[in-house]
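Counting from 1265, one number per residue, gives the positions in the sequence shown under our numbering.
As structure tokens, the structure follows; a few thoughts come after it.
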Amino acid sequence: MALQNPQLVRKLAKVLGEAPERRLEQLLTALARQAPELATTVTGLLAASDSLVSKYARLHGVQAEISGDAFSDWHIEHGRIESGRGWKTLLGYAEDEFADSIAAWRKLAHPDDLKTFDAVVAEHTQGKSPTFQSTCRMRTKNGRWTWLLLRGRIIAHDGHGQPSRLLLLQRDITDFKEAEEAALVAKDAAEAANRARGTFLANMSHEIRTPMNGIIGMTDLALDTQLDAEQRHYLKTVKSSAESLLAIVNDILDFSKIEAGKLHFDQLPFALSNLVFEAARAQAVTAHKKGLELIVSVAHDVPARVIGDPARLRQVLANLVGNAIKFTERGQVEVAVSVDEQLVGSVLLRFAIRDTGIGIPTARQEAIFEAFSQADDSTTRRFGGTGLGLTICGHLIQMMNGRLWLASVEGKGSCFCFTARYGMDSSVVTAAPVAQLGGQRALLLEHHPAVAAQLAGLLAECGIEVSAIDDPARAERAIKKSRAVGFPYDYVLIDALMPPPGGLALVESWHGSACPEKLIVLLTTEQQRQDLERLRALNVGTHLIKPIAPDDLLAALTLLSGSADEASPILAPFDFEVNAATPDHRRIAVLLVEDNPVNQELARRLLEKRGYQVTLANNGAEAVDCFERQAFDLILMDMQMPVMGGIEATESIRAREMRRSWVVSHEFRSVTIIAMTANAMEGDRERCLDAGMNDYVAKPIRPPELYAAIDRCLMQGNSNEPAPPLPGEEVTTTSLDLAAAARDLGDRELLLTMAGMLLAEWQTHLTRIQSSLQAMDASQLTMAAHTLKSLLAMFHAEKARRLALDIERATAPSSGSAVDWPRCAQLAGALTREMDRLKPQLDRFVRGDQTV
């Protein structure tokens, strides 16, 4: 055999060891000379192998074409596409329309996608992946772009290790890409819709909360004046109803959370009985106009205070009581609260709302709990409503760990019951039943049996013996008889609605006569206005408005018996001077920027009540003009106004502060700006503070919150506490409030430790700022100023903190403009001088030479 020739074996080993394909011909030539038969065999095997690969490629090409794909065999070294011409058909071209070359294919590919394709092939060539995959846009015959998915692998390399042969699968994914693009467009549209909805909710909230601010604020002001009982009752009802509406507006702001199942429930302690009566009284006007009795009864074992979400309970009660009144033409509506289950730490309460209305057919009792559904089609036409209320109530009650159900008889009335679980307020001890009036007697003249039973029960709990009579003639005889035997009643309670000789006709018998009984007249909200003047004329000073709460009845009895403590809130005179200006309030100049006339009046009255001097501006542009003409201690800035909004006005004012002409000859003080906004969306506070405002008050404006914000801000800038100096301005006082710092930390030893640590790193902080300035390294300067600002804030070093804050803002990447390095250097110099003034005081504190 030729292969046994040692010389040939050496030659083959040498050639094969080098292994380049280019030298394969040398091997075959050598074989042809030394072993012609073997050379012929090897050549045949190589040809068969090449043919087999080609057939394999063609086979897969046919399979690919059958599936709608194109499978190609690329000979990279020669630039040819040897097999698989289906890629032309895929793009709409004829097979002989142009050459089967890689160059022709690349001309049809999108340049941007071609770069990506080359990159993934290069990674595959380096052995980083067994195959490669990419997407590429290819130009079709009609001039459009179609998307192809490209998958392949390299199956051969040349003598230099470069790819020489590549198998490529091409699949049309245009439909997929279009669907993907449509999905992205839909996603963008949904996100835009979400943003639009958020903006809509914010704007709607602002538009609703602005008049609500006026209603609640003006009601507060009216309640802060001399009022009679009738006026005070009306205004309290207005305020309670307005706050209920405000709670609903706040629910609108949480609309997205409701959709996402993330509706938030507060856990707050509240007086349950008060809330139930307030919710009923808000509906009482409507009930009494229809001639209905509205009865509220809270069982004696119901806890006085519970822990839960009072606004959600009020919302459910308002809906159910409102429905009961709407669908009842005569009779009564009763709200009853009882304990369903008592556990350690929690109580399951049952609320029952009963009416004597139209009732609900049995076949419709389940359907009414569905959205947009009522008892029948005529109900909507007759009574109105959307049919959403019960659905919403059902969801809220489920979140209260309760359930809602109905018992109703058509034509006789309905009873909606629900349970809700609440935590127990362990800080409250349930008071024992009132018995200080024990041994006294009362006659109750009331025509309605349910009301009579309720009041009789309340009187009995107070230790009073009760005679309940529903006939005026019998009542009059009982009163005369008790007088005749020298044992008159202590109290007589008369329903003013009863016809003569009862009601007001009986009350008139007390006029001008020495009657030993103390008289209490029971009125309804509808009856109150027309009868109060008559009662005043009859010199009857005690009356109660239905529905009557136990506390109201007890207060009236205690007042008439003369046993009330002078310090009791029941008898305490209203303090009209509680919010008046005090000697501590200097004549502070305030610029009030508000476009709504009602809110202007409200805020002006609240400010003037404290003795402030108020200037009005109707929008942000007017505010900037006023600021240019006059110095103010405080600016109250509405956020959404015509012409110029609050954010823009604040930024303009802050910019003007640095270049006002009078700063040179007067001590500079940065004006305090407090935002007032009804746009209570997440992030609004941050937007206000980022714009340069000092604080933030949400509308509707509550006087305590407004005054607290003003005091917080002005305390930092009062006459005893100079404002931060301008760069280069010398000041002789320091700004370091160690007493406030100690109060914040609540631990003097901890404050001493922190002060020692700050002193130890004092020079390090200043060096970092100076080195960052010299290197003009904005990011490092921002970080150094931010760190120092936080430390200075801990010690209430306000002037130094403000200077560090100004450096941070001037160099922060979000500032959007080039860094003003000369100004930064001025600020850093002023900061260094201020810290030099602070250090001796902090040293004395650490050594113990100074106490706080």
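Beta carbons: idealized from backbone N, C-alpha and C, even for Gly.
One Cα belongs to Val1385, the other to His2050, and the distance between them is close to 48 Å. At least 8 Å separates the beta-carbon of Leu1709 from that of Ile1784. At least 8 Å separates the beta-carbon of Phe1541 from that of Ala1742.
Per the coordinates, the alpha-carbon of Gly1687 lies some 15 Å from the alpha-carbon of Ile1661. Boundaries of the beta strand (DSSP E) harbouring Arg1415: 1409-1421, taken from the DSSP string. Boundaries of the alpha helix (DSSP H) around Phe1541: 1536-1553.
Under the 10 Å beta carbon count, Lys1590 is surrounded by 16 or more other beta carbons and is classified as buried. In this model, Trp1411 and Lys1441 are separated by some 7 Å (Cα to Cα).
Approximately 17 Å separates the beta-carbon atoms of Val1878 and Ala1913; this is outside 8 Å, ruling out the contact. Taking the C-beta atoms as reference points, Arg1545 is found nearer than 8 Å to Pro1811.
By the C-beta criterion, the stretch 1720-1734 is judged not to be in contact with the stretch 1669-1682, since fewer than 3 inter-stretch pairs fall below 8 Å. For Ser1602, the three-state secondary structure derived from DSSP is strand.
Its chain contains Leu2037 as the residues whose beta carbon lies nearer than 7 Å to that of Ala2089, once the 5 sequence neighbours on both sides are disregarded; these appear in chain order. In the three-state DSSP reduction, Val1935 falls in the coil class, being neither helix nor strand.
Within the same chain, Pro1533, Phe1534, Leu1536, Val1611, Leu1613, Tyr1686, Gly1687, Met1688, Asp1689 come within 8 Å of Val1570 by CB-CB distance, once the 5 residues on both sides are set aside. A direct Cα-to-Cα measurement between Leu1900 and Ala1506 gives close to 24 Å.
The stretch 1588-1602 and the stretch 1663-1671 do not touch, with fewer than 3 CB-CB distances between them shorter than 8 Å. Annotated three-state conformation of Thr2017 is helix, per DSSP. DSSP, reduced to helix, strand and coil, places Gln1704 outside both helices and strands of the structure shown, so it counts as coil.
In terms of CA proximity to Asp1333, Ile1437 leads the group Lys1405, Ile1437, Ile1345, Arg1370. Of all alpha-carbon atoms in Cys1779, Thr1788, Leu1818, Ile1559, the one lying nearest the alpha-carbon of Gly1750 is that of Cys1779.
Setting aside the 5 residues that flank it on each side, Arg2065 is surrounded in the same chain by Lys2053, Leu2056, Ala2057, each with a C-beta closer than 7 Å to its C-beta; the list follows chain order. Close CB contacts of Phe1615 within its chain, under the 6 Å cut and outside five residues either way in sequence, are with Val1601, Phe1682 (chain order). In this structure, Val1608 keeps its C-beta atom at 8 Å or more from the C-beta atom of Asp1565. In this structure, the straight-line span from the alpha carbon of Leu1556 to that of His1711 is close to 13 Å. Selection Leu1723, Thr2075, Tyr1971 evaluated against Ala2048 yields Thr2075 as nearest (Cα-Cα). Separation of the CB atoms of Asp1816 and Leu1808 is rounded to 6 Å, and the pair is thereby assigned contact status at 8 Å. In the DSSP assignment, Phe1396 is bridged to Gly1416. Here DSSP, grouped into helix, strand and coil, assigns Gly1767 to helix.
Of the other Cβ atoms in all chains shown, fewer than 16 fall within 10 Å of the Cβ of Lys1379; this residue is therefore exposed.
When beta bridges are read from the DSSP output, Glu1729 appears opposite Arg1705. For the pair Asp1484 and Ile1974, the Cα-to-Cα distance works out to about 19 Å. Straight-line measurement puts the Cα of Leu1584 at about 37 Å from the Cα of Tyr1960. Counting along the chain, no beta strand (DSSP E) covers Ala2061, and no H or E run does either. One Cα belongs to Arg1893, the other to Gly1956, and the distance between them is close to 20 Å. In the three-state DSSP reduction, Phe1381 falls in the helix class (H, G or I).
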